[in-house]
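Counting from 2, one number per residue, gives the positions in the sequence shown under this note's numbering. Have a look at the structure below, then the notes.
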Amino acid sequence: MKTPIRVAVTGAAGQIGYSLVFRIASGAMFGPDQPLILHLIEAPIEKVMKALEGVAMELDDCAFPLLKGVVQTSDPAVGFTDANWCLMVGAKPRGPGMERADLLKDNGRIFIAQGQVIDAVAAADARVVVVGNPANTNCMIAASQAKRLPPECFTAMVRLDQNRAQTQLAIKAGADLTTVQNIFIYGNHSPTMFPAFAHATIGGQPATSIITDTAWLQGPFCETVGKRGAAIIAARGASSAASAANALVDHVRSLVTPGTIHSVAVKSNGNYGFDANVWAGMPVRTTTPGSYEVITSYAMDEFAKSKIAATNKELLDERAFVAELMAK
Ligand code: NAX
């Protein structure tokens with residue numbers, strides 16, 4: 002029997018949390034032979050902590066063989082202690098009339114504080130994954146506070162966007178989903194993201210040789226993927242939750258499975274024309290469990306370059322909003 006790993010989840014009583022923690026405890030994220038201890042972290046609000054207690058009770062009631070313990074806390078210093086994986090889902094939602102700049106700053110404060118705590122108390126091999134929006138910028142903010150953990154340990158999730166893009170290509174081509182490969186997301190987790198269809202394959206053939214409607218690829222395809230979150234809200238009256246939790250399972254599962262190539266938002270280091278210091282979606286290959294190398298070999302045509310320039314600009318604008326916060 003392997004030693005249990007510690008998996009911290011913020012916002013564990015929220016929508017995504019409620020879909021996520023049961024999948025983790027079942028073994029979907031780390032595999033059927035990896036026992037784990039869940040650290041459920043929530044905001045220090047009585048009603049929310051009560052709801053978290055209910056989540057923990059339901060985890061008990063599932064009798065998951067791999068689940069070796071559950072910590073419930075509103076104190077990040079307790080929740081992140083010795084955590085091998087820090088899954089940062091909790092964030093403040095955008096309220097009515099709230100400006101994007103205010104959302105960036107409010108969430109920035111959460112990610113500054115939690116980034117500092119993670120750096121101080123998490124396990125030596127800790128990996129941090131940010132889901133709470135604006136995910137790329139929150140990830141950059143958390144990483145900016147780390148003195149011990151290198152920036153490569155901090156990733157943000159664009160896997161939901163990759164999954165959405167894969168499905169849209171399969172539907173358009175009338176092909177089985179599993180035959181669609183190499184569709185990667187570049188840039189921000191926002192409507193400016195770029196699903197690079199020119200590199201995708203369907204049944205081993207270039208996707209563009211099967212879907213020859215370039216106008217559809219450049220227009221409705223990119224828009225549908227970019228605005229899918231809003232479409233889900235319009236239909237469901239609530240934001241994507243089960244699919245977001247599923248994407249986080251995929252993100253981490255791919256990161257612990259050497260050889261997997263998948264979309265992750267990472268510190269750009271100047272790759273693909275992104276500013277060196279923003280966290281941007283791009284393809285990575287998992288090398289050893291929890292580590293990866295960026296795949297830098299994909300060539301970009303003029304259309305792709307213009308899409309990347311737009312999403313890079315948005316990331317730079319977001320960084321400008323929070324620069325003061327990070328400097329403190
Ligand atoms: P909910 O509002 O249902 O849940 C968020 C939870 O976070 C709440 O229970 C809240 O109490 C908790 N929380 C707030 N501040 C906290 C703090 N300082 N420490 C610990 N917990 C805290 O939102 P949900 O639908 O679960 O979405 C969570 C986040 O994911 C949001 O920011 C959302 O925008 C973002 N998303 C990101 C996606 C992505 O692909 N990167 C897609 C789905 C989702 O929209």
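Each residue gets a CB set at the ideal place from its N, CA and C atoms; glycine is no exception.
Supposed close pair residue i, residue j - CB separation, criterion 8 Å
{"i": "Thr1", "j": "Gln169", "result": "The first residue shown for the chain is 2 and the last is 329, placing residue 1 beyond what the model contains."}
{"i": "Ala9", "j": "Ile42", "result": "6 Å"}
{"i": "Asn189", "j": "Leu316", "result": "5 Å"}
{"i": "Val56", "j": "Tyr19", "result": "7 Å"}
{"i": "Leu88", "j": "Val323", "result": "Their Cβ separation, rounded to whole angstroms, is 21 Å, which puts Leu88 and Val323 out of contact at 8 Å."}
{"i": "Ala157", "j": "Val122", "result": "Not a contact, Cβ separation roughly 21 Å."}
{"i": "Leu39", "j": "Val90", "result": "No, Leu39 and Val90 are not in contact; Cβ-Cβ is about 13 Å, not under 8 Å."}
{"i": "Gly227", "j": "Met194", "result": "6 Å"}
{"i": "Leu53", "j": "Ala26", "result": "15 Å between Cβ atoms; not a contact."}
{"i": "Val279", "j": "Asn139", "result": "No, Val279 and Asn139 are not in contact; Cβ-Cβ is about 12 Å, not under 8 Å."}
{"i": "Ile17", "j": "Ala246", "result": "5 Å"}
{"i": "Val265", "j": "Val285", "result": "5 Å"}
{"i": "Ala174", "j": "Cys154", "result": "In fact, because the Cβ distance is near 37 Å, the residues do not count as touching under 8 Å."}
{"i": "Phe23", "j": "Cys63", "result": "6 Å"}
{"i": "Ala176", "j": "Pro196", "result": "Ala176 to Pro196, Cβ: 16 Å. No contact."}
{"i": "Ile199", "j": "Thr209", "result": "Here residue 199 is Ala; the residue named in the question, Ile, does not match the sequence. Right, their Cβ atoms sit about 6 Å apart."}
Limits of the beta strand (DSSP E) - the one that residue i falls within
{"i": "Gly282", "result": "Trp280 to Thr287"}
{"i": "Ala157", "result": "Phe155 to Ala157"}
{"i": "Val8", "result": "Ile6 to Thr11"}
{"i": "Met58", "result": "Taken as a continuous stretch (DSSP letters only), Met58 belongs to no beta strand (DSSP E), being part of the alpha helix (DSSP H) at Glu47 to Cys63."}
{"i": "Met89", "result": "Trp86 to Met89"}
Bounding residues of the alpha helix (DSSP H) (the contiguous stretch that carries residue i)
{"i": "Tyr273", "result": "First-last for Tyr273: undefined, no H or E at that position."}
{"i": "Gly70", "result": "Element bounds for Gly70: not the alpha helix (DSSP H) but the beta strand (DSSP E), Leu68 to Thr74."}
{"i": "Tyr299", "result": "Premise fails: Tyr299 is in no alpha helix (DSSP H) and is neither H nor E."}
{"i": "Val79", "result": "Pro77 to Gly80"}
Which residues DSSP lists as bridging residue i, in chain order
{"i": "Ile38", "result": "Arg7 and Gly70"}
{"i": "Ala266", "result": "Ala157 and Gly282"}
{"i": "Gly18", "result": "Paired residues: none, contrary to the question."}
{"i": "Ile294", "result": "At residue 294 the sequence reads Glu, which differs from the Ile that was named. Note: Glu294 sits in a beta bridge opposite Arg286."}
{"i": "Gly188", "result": "Gly282"}
Heavy atom of ligand 2 within 7 Å of residue i beta-carbon
{"i": "Ala9", "result": "Ligands present in the displayed structure are limited to ligand 1, and ligand 2 is not among them."}
(request) Counting only runs of 4+ residues fully inside the segment 104-181, write out the alpha helix (DSSP H) ranges in chain order. (result) 136-145 and 160-174
(request) Report the residue ranges of all alpha helix (DSSP H) runs contained in full by the segment 191-248; include only those spanning at least 4 residues, in chain order. (result) 208-211, 223-227 and 229-237
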